[in-house]
Each structure stands twice: as structure tokens, then as C-alpha cells.
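Enquirer:
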Amino acid sequence: MSWGTELWDQFDSLEKHTQWGIDVLEKYIKFVKDRAEIELSYAKQLRNLSKKYQPKKNSKEEEEYRYSSTRAFLATLNEMNDYAGQREVISENMTSLIIGELTRYVQELKQERKSHFHDGRKAQQHVETCWKQLEATKRRFERDCKEADRAQQYFEKMDADINVTKADVEKARQQAQLRHQLAEDSKAEYSSTLQKFNSEQHDHYYTHIPNIFQKIQEMEERRIVRIGESMKTFAEIDRQVIPIIGKCLDEITKAAESVDHKNDSQMVIEAFKSGFEPPGDVDFEDFTQPMKRTVSETSLSNSRADGKYEPKFGGKSKGKLWPFIKKNKLMSLLTSPHQPPPPPPASASPSAVPNGPQSPKQQKEPLSHRFNEFMTSKPKIHCFRSLKRGGAGPEDFSNLPPEQRRKKLQQKVDELNKDIQKEIDQRDALTKMKDVFIKNPQMGDAASVDHRLSELEQNIEKLRLEVQKFEGWLAEVEGRLPARSEQARRQSRLYEAQNTSAENSCAQDRESSPDGSYTEEQSQEAEMKLSATDFDDEFDDEEPLPTIGTCKALYPFEGQNEGTVSVAEGEMLYVIEEDKGDGWTRIRRNEDEEGYVPTSYIEVYLDKNAKGAMTYI
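Read in order, the letters of the sequence shown correspond to residues 181 to 797 in our numbering.
1) Report the rounded CA-to-CA distance for THR730 versus GLU575, giving the unit in angstroms.
2) Identify the residues that DSSP records as bridge partners of CYS731: which are they?
3) Thinking C-alpha only, which one of PHE414, GLU369, MET623, GLY761 is nearest LEU314?
4) Please report the straight-line C-alpha distance between ASP339 and LYS346, rounded to a whole angstrom.
5) Can you find the residues in the same chain that come closer than 6 Å, C-beta to C-beta, to PRO726, ignoring five residues on each side of it along the sequence?
6) For ILE422, which residues in the same chain have their Cβ closer than 7 Å to its Cβ, ignoring the five residues on either side in sequence?
7) On the CB-based measure, 16 or more other CB atoms within 10 Å of its CB, does GLU742 come out buried or exposed?
8) Using DSSP with H/G/I as helix, E/B as strand and the rest coil, what is PRO778?
9) Do you know how far the Cα of SER578 is from the Cα of THR779?
10) Pull up the distance between the alpha-carbon of LYS231 and that of LEU254, whole angstroms please.
11) Should ARG301 and MET399 be called a contact, given that it needs their Cβ atoms to be closer than 8 Å?
12) Compute the beta-carbon to beta-carbon distance between SER271 and ALA223, rounded to the nearest angstrom, for a pair I have assumed lies under 8 Å.
13) I want to know whether the segment 434 to 447 touches the segment 264 to 280 - three or more CB-CB distances under 8 Å.
14) To which residues of the same chain is ALA677 closer than 6 Å at the C-beta, ignoring the five residues directly before and after it?
15) Apart from the five residues on each side of it in sequence, which residues of its chain come closer than 7 Å, Cβ to Cβ, to GLN606?
16) Using the Cα positions of LEU362 and HIS306, report the straight-line distance between them to the nearest angstrom.
17) Tell me, which residues are paired with TRP200 by DSSP?
18) When the Cα atoms are used, what is the spatial distance from VAL657 to ASP418?
19) Taking the runs of the alpha helix (DSSP H) that are 4 residues or longer, which of them lie wholly in the segment 587 to 616?
20) In three-state terms, what does DSSP make of VAL462?
21) Does HIS631 pass the burial test, meaning 16 or more other C-beta atoms within 10 Å, or should it be called exposed?
22) Please tell me whether GLN394 and TRP188 are closer than 8 Å, where the distance is taken between their beta carbons.
23) Among GLY455, SER628, ASP461, ASP615, which residue has its Cα nearest to the Cα of ARG585?
24) With distances taken from CA atoms, which of LYS318, TYR247, ASN597, ASP759 is nearest LYS367?
25) Between LEU257, LEU220, GLY426, which lies nearest to PRO235 when the distance is taken from Cα to Cα?
26) I'd like to confirm the pairing. Which residues does DSSP put opposite ASP747 in its beta bridges?
27) In whole angstroms, give me the CA-to-CA distance for GLU773 and TRP653.
28) So which of ASP762, LYS619, GLN225, ILE404 has the shortest CA-CA distance to VAL204?
29) Between ILE389 and HIS296, which are expected to be in contact by the criterion C-beta below 8 Å, what is the C-beta distance as a whole number of angstroms?
30) Go ahead and pull the three-state DSSP assignment for THR433.
31) Quick check on ILE805: does DSSP put it in helix, strand or coil?
32) Report all residues from its chain with a CB closer than 8 Å to the CB of GLU757; omit the five preceding and five following residues, and keep chain order.
33) Going by C-alpha to C-alpha distance, which of LYS290, ASN238, TYR754 sits closest to GLN199?
34) Where do the N-terminal and C-terminal ends of the alpha helix (DSSP H) with ILE449 fall, by residue?
35) Scan the segment 308 to 394 and note each continuous alpha helix (DSSP H) run of 4 residues or more that stays entirely inside, going in chain order.
36) Quick one: is PRO458 buried, meaning 16 or more other Cβ sit within 10 Å of its Cβ, or exposed?
Here it is as C-alpha cells:
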């Protein structure tokens, strides 16, 4: 089966067919190019999708990815990123192995086709030229034969005519012979041209054209084979990445199987566990037994000496409402002022104020209201609020519940140990460098690293001190955590109650008054039925509030109401609690004498290492 023998007369048809084959090849190239662009776009979209749902660094989302379910989701995102990479591999391989190769092949194919059909046209033109020569010699032979025939007839006519001279007859005879000779020559030329044409025509249809058509056939078959191989490569490119894609899918399945709901539940406990015990039962407060209001620590001790106090809650643990506070602190709290302080005198001299500043009158409030207000105003609550606002907490994380504080302290200790190890590694490296410099002075000056070594030693010592400090806090917390005391349960209950118990207490006191008005005496009498011995046993071991600075009295002040302290002008005192915005500052004269004075009456000097120096004038 050969195009040269079977399609010897279909030159134009073969030309159109081969052009169609090239068009099909170019169409396939365009198809693969579009597929590669789709794969590349798909990979880009997958990467963007994976990036969109990746946790942002140093954000709350990053902390959420410690749970197994979110870690599995993160693994899925990473595998999708790898999956996108395989789609990019498909696009790259299709571009290089199919599109690039076929594009070059199409250019070569077009050149080869052009060459073959040029040779075919040239052979056709040669045959046509031979045919034209044959026709020309044939017409010339025909014409010469006709002229020779006419010359012969003319000679015969002249020879038969008796009136024609002999010379004319001879001339006609010679002309007839000449024409016959020309006809013979034309015949010979025609015969030669005919033989040549027949030979050329035979070579054209049995040699040249078959060879050219055979080459065109081979070219077309190579094109068909090439496009088939490209389609096979198209499939192989996809098949090559299937194992890797399968691994990606296997990893996603493995990540999904690693989801552990029990472990996630335990991590939630570890993340939010406060370390407090649930609050105990709420005790019954009996407001039906009036008692004389106790207004100071002295009166409390006198009454205790008389032995007139009875346990309020009948057999419950002693001092249940007063955890973490010493007796003198409690009494100072109970008598602390709650009204705005008096304005400072017009001058520093006491004579300028004949009557002296008057301490504010104590607004009547129930004892439980005072205590609950104190508990809700403790630094822990403020620290929780500052955490919500993103503010910085204390260095020892005392604003956090015990369990969370332990974790933070442990994390801090680990970080400091890592920093120490880094500094030690740098020190060891510099020490080795110094030894090398000592052995080979030409390599460097050994004294040049002494300063850096000294800095590293200082840094290591500072970091070790920091580690010791945090380890001390950590040991303190870890020592407290196992003991689930009643105080921890009470403190947890007070955290949750906050101002609710204070509001309920106020409402109950108002309802117990006959005329609906509020009387502090009734609340005080009900609240103060605790044994003096209970106070001593419960709070004698507590440490006093630390000193945060000093102050100087600018004006004299007479503390006439409970909770206030009298001061003289120019007297130096210790500050143990800053002004909380109500105009009063808590000070201490000695270990047993402390109370509140108006902030505007003193000049405060806070320790710089605590909260920075600050002065109220």
C-alpha cells in the first residue's frame, strides 16, 4: 500500500490532507496548552486556599492549632499545598514534554511538507514542459508535412504544364524536395521528442511521483504516530503524580484518624483549668438577732474579752468569710472610707484651717458588702480585665489562676533555660576561638574576645538569677496546687460571686428594716458574730501588705472615722496601697497601725522597681 502507486493522480488531495493533519496537530497543542493553564490556575487557587486558612503567626488562631482536630485540619492544608504542587508538576511537564516538543515538530513538519510538495510540483512542471516540447515538434512536423505535400503537388502541376519552362519545373522540383527534407527532419525531431517525453512521463509517474508521495506518506504517518505518543505522554504525566497525590490523600486520612477527642477534651481542661475548688455551700446569715455595732478593732477586742460573741454559722469552719486577710487588715478594710476625701486646706499652716479638715462621714453599708467589695476589687480581677484588653500582667503571673500560673511559669523557665544554653554555646565558641588565637597569634588578638566573654558571663548570671526567681515562684505554686483547701474553694466562689452577693446583701438589709430604710447596725450585728479566737487562729500567719513607697504629709489630718489614720504635717509614712481613684491612699505608720488618708494631703514617692515614681500634690 503506497500513496505513490494508489494516489498517483491525487497530488492536490494529498496536499489538502497533509495540511489538515498539521491543523489537527496544532489544535491538539492548543488543547494541551489550555489544560496546562487550567492545572496551573487550579494549583494557584489551591495554594491560595491553603494559605487563606493557615493560622496567622503570633495570633490566637495559632494557639488553637494544638488540638488534634485542628492539627489534622492544618495537616490537610499542608497536604493540599503539596497536592497543588503536583498539579503544577503536571502543568510543567505538559508544557515541556508535549507543548514544547510538538511545537518544534510542527515547524519541522511544515518545512518537510513544503519541501516534498515543492519537489512534486517541480516534477509536474518538468513533465508539462516535455509535453509542450512534444506538442511543438508535432505541430512543426505536421506543418512541414503539409508544406511538403503542397510543394509536391505544385511540382507535379508545373511538370504537367507544357507552357511552363524547364527552369520553372526544376525550381518547383527542388522546392518539393526541400519541403520533403524538412518534413523528414521534423519527423525525426518529433519522433525523438516523443520518445523523450514518453521516457520522462514514465519516470515521472513510476519513479519521481511515487518517491515523493512515499515521503509525504511517511511524513503523515510520523505525524500520526507523534500525536498518538503525545496523547500517551499526556496520560503518563497524570499517572506519574498519582502515587504522590495518593500519598497526600493518605496523609490526610492519617491526620483524620489521628483526631483524638479524649485528648482534645483533656487539653481544654489544661488550657482553662484554674486550680480552684468549686465553692462550698452558702451559709445562712441570721439578721434577726440585733447586736451592738462594732466600730473599731479596739471595741472588737473588748467584746471578745467579755466573751459575748458566738459562732455565727454554727459549726462551720472558722473565719469562713475572711480568707487571705489578717485581722488588722480586715478591721482597717471594714473602716476604710468610701466617700470622697476632704479637699486640702488653702495653706499648709494649720492656722489657716481653724477647725482642720474633717474626715468624711462613714456611709452606712453592711459588713458583707464591704467584704465582697474588697474581694471584687482585688488585683486578680483587674488583671483579668487587663488581659482581656491585651495589657501586661505582673511578672510572676499572679493575676492568673494557680494552674494557668504554673504553666506560664514553667514556660518562662524553659525559655530562660534555652536562652542560657544559647549564651553558654556562644561562650564556649568564643573560648575555643580565644584558645586558637592564643596558640596562633597571627590569626587574631585573643584579648579582643575578652569583653564579649565578660558580657556573656554577665548575661548567663542574670539569666540564672531569673531562672532561680521563676523556679521559686513555680515551686511555690506547685506546693500549693495539691492542697485543695477550703480557702481555695471559698476564693473560687468569691471570684464567681463578685458584686452579686453585695447587691443581695444590701437588698436583704433594706427588707429587714421596719421602715424600709437601710441600717448598718443590723448588718453589722449579724456579720460580727464570729469568735475573736477564730480571727486570731485564722489570720495570724498571714504576711502584712508589702510597702510600695513612702509619703510625706503636706497637711495635718485627724482621722476621726474608722479606717482613717491621723497624721501630722511633715510626717514620713509608708505607702501600702495606691489611690484607686476614690481619693484615698492607704498608709502604714508601724506594723500594727495603718489606715487611709486623703491623697491630696500627702506627697507620694512610689518605688521605681514597682510601678515607677509618682507624686500626688
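Just so you know, even glycine gets a beta-carbon here, dropped at the ideal spot from N, CA and C. Remember, predicted model here, so these are calculated numbers, not experimental data.
Expert: Reading from the atomic positions:
1) Counting from one through the sequence shown, the residue named residue 730 turns up at place 550. Counting from one through the sequence shown, the residue named residue 575 turns up at place 395. Taking the straight line joining both Cα atoms gives about 23 Å.
2) Start at 1 with the first residue of the sequence shown, and residue 731 comes out as number 551. Bridge partners of CYS731: LEU753, VAL784.
3) Taking the first residue of the sequence shown as position 1, residue 314 is located at position 134. Closest by alpha carbon: GLU369.
4) Position 159 of the sequence shown, counting from 1, holds the residue named residue 339. Position 166 of the sequence shown, counting from 1, holds the residue named residue 346. Roughly 8 Å between the two C-alpha positions.
5) The residue given as residue 726 occupies position 546 in the sequence shown. There are no such residues.
6) In the sequence shown, residue 422 corresponds to position 242, counting from 1. No residues qualify anywhere along the chain.
7) In the sequence shown, the residue the question calls residue 742 occupies position 562. That one is buried.
8) Residue 778 sits at position 598 when you count from the first residue of the sequence shown. DSSP places PRO778 in strand when its eight states are reduced to three.
9) As a first step, residue 779 is located in the sequence shown; it is residue number 599 there, counting from the start. As a first step, residue 578 is located in the sequence shown; it is residue number 398 there, counting from the start. Each residue's Cα considered, the two are about 27 Å apart.
10) Reading the sequence shown from its first residue, position 51 is the one you call residue 231. Reading the sequence shown from its first residue, position 74 is the one you call residue 254. Distance between the alpha carbons of LYS231 and LEU254 is about 10 Å.
11) Counted from its first residue, the sequence shown places residue 301 at position 121. Counted from its first residue, the sequence shown places residue 399 at position 219. No; because the gap between Cβ atoms is not below 8 Å, this pair is not in contact.
12) For the purposes of this step, residue 271 is identified with residue 91 of the sequence shown, where counting begins at 1. For the purposes of this step, residue 223 is identified with residue 43 of the sequence shown, where counting begins at 1. About 7 Å separates the two Cβ atoms, so the contact holds.
13) no
14) By one-based count along the sequence shown, residue 677 stands at place 497. Summary for ALA677: the model assigns pLDDT 42, below 50, so the residue's position carries little reliability; its value from the coordinates is reported in the next sentence. So the list is empty, once near-sequence residues are dropped.
15) By 1-based counting over the sequence shown, the position of residue 606 is 426. For GLN606, where only same-chain residues beyond five positions count, the Cβ hits under 7 Å are LEU636.
16) The sequence position of residue 362 within the sequence shown is 182, counting from 1. The sequence position of residue 306 within the sequence shown is 126, counting from 1. One C-alpha to the other measures close to 28 Å.
17) Translated into the one-based positions of the sequence shown, residue 200 becomes position 20. TRP200 is not bridged to any residue.
18) For the purposes of this step, residue 657 is identified with residue 477 of the sequence shown, where counting begins at 1. For the purposes of this step, residue 418 is identified with residue 238 of the sequence shown, where counting begins at 1. Going by the C-alpha atoms only, they are around 60 Å apart.
19) none
20) In the sequence shown, residue 462 corresponds to position 282, counting from 1. Coil at VAL462, not helix or strand.
21) If you number the sequence shown from 1, residue 631 lands on position 451. By the 10 Å Cβ count, HIS631 comes out exposed.
22) Start at 1 with the first residue of the sequence shown, and residue 394 comes out as number 214. Start at 1 with the first residue of the sequence shown, and residue 188 comes out as number 8. Taking 8 Å as the Cβ cut-off, GLN394 and TRP188 do not qualify as a contacting pair.
23) One-based indexing of the sequence shown puts residue 585 at position 405. Minimum Cα distance to ARG585 is reached at GLY455.
24) In the sequence shown, the residue the question calls residue 367 occupies position 187. For the residues LYS318, TYR247, ASN597, ASP759, the minimum Cα distance to LYS367 belongs to LYS318.
25) Walking along the sequence shown from the start, residue 235 turns up at place 55. Closest by alpha carbon: LEU257.
26) Residue 747 sits at position 567 when you count from the first residue of the sequence shown. According to the sequence as given, residue 747 is Val; it is not Asp. BP columns for VAL747 point to PHE737.
27) Counted from its first residue, the sequence shown places residue 773 at position 593. Counted from its first residue, the sequence shown places residue 653 at position 473. Each residue's Cα considered, the two are about 30 Å apart.
28) As a first step, residue 204 must be located in the sequence shown, where it is residue number 24. The shortest Cα separation from VAL204 among ASP762, LYS619, GLN225, ILE404 belongs to ILE404.
29) By one-based count along the sequence shown, residue 389 stands at place 209. By one-based count along the sequence shown, residue 296 stands at place 116. With a Cβ gap of about 11 Å, ILE389 and HIS296 do not count as contacting.
30) As a working mapping, residue 433 is identified with position 253 in the sequence shown. If DSSP states are grouped into helix, strand and coil, THR433 belongs with the helices.
31) Not covered by the structure: residue 805. The range shown for the chain is 181 to 797.
32) Here residue 757 refers to the residue found at position 577 when the sequence shown is read from its first residue. If we look at GLU757 and ignore the five residues flanking it on each side, its Cβ neighbours are LEU725, ILE728, THR765, ARG766.
33) Mapped onto the sequence shown, residue 199 falls at position 19. Looking at the Cα atoms, LYS290 is the closest of the given residues.
34) On the sequence shown, position 269 is the one that residue 449 refers to. Start and end: 441 to 452.
35) 346 to 383
36) For the purposes of this step, residue 458 is taken as the residue at position 278 of the sequence shown. Burial call: exposed.
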